[in-house]
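Visitor:
In the working numbering, the protein residues as written are 112 to 153.
1) Going by beta carbon distance, what residues of the same chain come within less than 6 Å of residue 122, once the five residues before and after it are set aside?
2) What does the alpha-carbon distance come out to for the pair residue 124 and residue 138?
3) What's the C-alpha gap between residue 141 and residue 119?
4) Terminal residues of the continuous alpha helix (DSSP H) containing residue 141?
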């Protein structure tokens, strides 16, 4: 559980920097979901 929270925080920080839209929580959540799918399929 804690590890998953750390991963989400990591994705949020990386995606927040790369997109420059930290305030758009909906887009950020979609990106996190997408990245989670990508990581799981590796």
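In this text, a Cβ means the ideal position worked out from N, Cα and C, and glycines have one as well.
Guide: According to the structure data:
1) 143, 146
2) 13 Å
3) 12 Å
4) 136-152
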